[in-house]
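A.B. asks: There's a structure below that I have some questions on.
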Amino acid sequence: MGSQSRRRWSPGWIVFTIVLVLIAVPASVVGYNTLTAGAHEEEHTVSPAYFADVSALPVAPPAPAGQPGGSSGTWRIDCGRDEEGRHNSDNVVISPGVAGGAHHLHDYVGNDSTTAFSTDASLAAAGTTCQAGDKSTYYWPVLRLPRGDARQTVFGRVLVPDSVLIEYQGSPVTNVVPMPRFLRANTGNPHGYTQAGVGTDHVQWTCSGSRDHVGRQYPRCPAGQQVVRLFDFPSCWNGRTTDSANHKSHLVFPAPNGACQAGTFAVPRLHLEISYTVPTGAEYAIDSFPEELNNPVSDHSDFIDVMPDALMATVVDCVNSGKHCSA
């Protein structure tokens, strides 16, 4: 062998090589998250402008008036509140097949196998935290207390929701048809801050005892009230596909009066309410893409319908008959 083949690596060269490899590995590969890394703390403090007293938030607009032929019922299901701490930084709806594609942590309830690599078959075969055999997956960015004790980083403890309300609602102008199994849906815009609020109208914040005021700032709630996140999903389906190239155009929002546009069909509207006990004055924040700076306008939620067809039929019957049902 030549002299190069017989060269011995000194301890110093080994350490130097390991350092170079670590520098070269992309942050996403090693699970880096700017909210938990403890680096650049001054860059990631929460802006006071993100917060407002709940009484200063806009008055909640009235719901569209019900019309003859509308569906006024609701159907609720209990899927827990992610007390198990099932988190990952994937987004199978928006970035399927991309590990860590969200660059922030999500809470999950429902299907207990959801990752970036989930398929219809794997979701259908998995277990669930929901009642009545609903294997749907529901997820949203975690909420954190950015300042903790000395053992925590500036973006430290993940808050476990006190409650998660999952409700399917009707249309004020027509009956609803069943969602197709494996329908993908999302609401809000994870890039809402850097995209100047585009696509953020259906995600709001409020307080548990002040529902007459909602907005897109983190609310300061009176003592004894919880912080509440509100997510309303699109509910006008194209009648053909469970997804689309932009993950949005197959399922769109109705007009302000609740009517679906021509060529689309009303399906049960998914409504989520996530409630938290937040210490008075805490500078809490959602996880977000780093460039979104934890701004509340970047809040969002995603969903895949994995209900058995018979269960979806029960939901539709309840909503269309004007009843208020629970699983």
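Residue numbers (numbering that gives the first Met the number 0): 0 to 326. Note that CB positions come from ideal geometry on N, CA and C, so glycine has one too.
(1) Quick one: Cα of P289 to Cα of E83, how far?
(2) Rounded to whole angstroms, what's the CA-CA distance from R143 to Y283? Just pull it up for me.
(3) On the three-state DSSP scale, how would you describe Y31?
(4) Measuring straight from C-alpha to C-alpha, what distance separates V157 and V141?
(5) Which residue marks the beginning of the beta strand (DSSP E) containing L269, and which one marks its end?
(6) Classify V20 as buried or exposed, calling it buried when 16 or more other Cβ atoms lie within 10 Å of its own Cβ.
(7) Which residues share a DSSP beta bridge with T199?
(8) If you draw a straight line from the alpha carbon of S71 to that of A184, how long is it in whole angstroms?
(9) Starting from the C-beta of G69, find all residues in its chain whose C-beta is less than 7 Å away, skip the five residues before and the five after it, and write them out in chain order.
(10) Report the residue ranges of all alpha helix (DSSP H) runs contained in full by the stretch 116 to 174; include only those spanning at least 4 residues, in chain order.
(11) Going by C-alpha distance, which of D119, H190, I303 is nearest H102?
(12) With DSSP as the reference, please indicate the residues paired to F50 in a beta bridge.
(13) Going by other Cβ atoms of all chains shown within 10 Å of its Cβ, with 16 needed for buried, is V277 buried or exposed?
(14) Check whether the stretch 193 to 205 and the stretch 301 to 311 touch, using three or more Cβ-Cβ pairs below 8 Å as the test.
(15) Nearest CA to the CA of P60: which residue from H299, I303, H201?
C.D. replies: Judging by the given coordinates:
(1) The residue given as residue 289 occupies position 290 in the sequence shown. The residue given as residue 83 occupies position 84 in the sequence shown. Answer to the nearest angstrom: the Cα atoms are 26 Å apart.
(2) The count along the sequence shown starts at 1 and reaches residue 143 at position 144. The count along the sequence shown starts at 1 and reaches residue 283 at position 284. If I take the Cα positions, the gap works out to 6 Å.
(3) Mapped onto the sequence shown, residue 31 falls at position 32. Residue placement at Y31 is flagged as unreliable, the pLDDT there being 26, under the threshold of 50; the coordinate-derived value follows with that caveat. Of the three classes helix, strand and coil, the one that applies to Y31 here is coil, per DSSP.
(4) In the sequence shown, the residue the question calls residue 157 occupies position 158. In the sequence shown, the residue the question calls residue 141 occupies position 142. Their Cα atoms are separated by approximately 6 Å.
(5) For this step, residue 269 is matched to residue 270 along the sequence shown. Segment 268 to 275, the beta strand (DSSP E) holding L269.
(6) For the purposes of this step, residue 20 is taken as residue 21 along the sequence shown, with counting starting at 1. For V20, the pLDDT reaches just 32, beneath the cut-off of 50, and the residue's location in the model is therefore unreliable, although a value from the coordinates is still provided. The residue is exposed, with fewer than 16 neighbouring Cβ atoms inside 10 Å.
(7) As a first step, residue 199 is located in the sequence shown; it is residue number 200 there, counting from the start. DSSP output for T199 lists no bridge partner at all.
(8) As a working note, residue 71 is residue 72 in the sequence shown. As a working note, residue 184 is residue 185 in the sequence shown. Taking the straight line joining both Cα atoms gives about 22 Å.
(9) If you number the sequence shown from 1, residue 69 lands on position 70. Taken in chain order, the residues that qualify are G169, S170, P171, V172, T173.
(10) 119 to 124
(11) Looking up residue 102 in the sequence shown gives position 103. Closest option to H102, Cα to Cα, is H190.
(12) If you number the sequence shown from 1, residue 50 lands on position 51. Paired residue(s): Y217.
(13) The residue given as residue 277 occupies position 278 in the sequence shown. Buried is the call here.
(14) no
(15) Along the sequence shown, one-based indexing puts residue 60 at 61. Of the listed residues, the one whose Cα sits closest to P60 is H201.
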